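**Student:** If you count the sequence shown from 1, you need to add 3 to reach this note's numbering.
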Amino acid sequence: MKRLKKKLSEAEKAAWLALKSLCTHFLGNKKAENYEDLVGDMVKCFRVIGCNMSLKLHVLDSHLNFFPENLGAINDVHGERFHQYISTFEKRFSGRWNRSMLAEYCWSVIRDT
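1) Have a look at F49 and E15 and give me their C-alpha separation to the nearest angstrom.
2) Considering only C-alpha positions, which residue in the set N37, K33, V46 is nearest to A21?
3) Counting along the chain, where does the alpha helix (DSSP H) carrying K16 start and finish?
4) Need the endpoints of the alpha helix (DSSP H) that E39 sits in, please.
5) Check K9 in the structure and name its three-state DSSP category.
6) Taking the straight line between their C-alpha atoms, what separation do you get for S90 and S97?
7) Would L25 be called buried (16 or more neighbouring beta carbons within 10 Å of its own) or exposed?
8) Pick out whichever of E13, K23, R95 has its Cα sitting closest to the Cα of L41.
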């Protein structure tokens, strides 16, 4: 980890720390009261380093209130389902990433629920 931090620019370090904080305080067993601020901070940090995650973050931001308080304690079955969905899309898109892949994945999840 120390080697990674040495290779990162200040902006990249800020993005890394924002992601780490979000994982700890939002995706863990206890959702922090300021979770919306954590997501916002992460978006800002990633925007600074040129990452355009607008679609992914729009979905996350639009559904923040649907995340349970103890997200880290959720059964791994949901993770399995995610990987099954993604493998289907990878096959459909021949293993190549495409912008429409994420949108299609999101709509399939919405349709299935």
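We treat Cβ as the ideally placed atom computed from N, Cα and C, and that holds for glycine. Nothing here was measured: the structure is a model prediction, and the numbers come from that model.
**Tutor:** Based on what the coordinates show:
1) 8 angstroms
2) V46
3) 13 to 28
4) 38 to 51
5) helix
6) 10 angstroms
7) buried
8) K23
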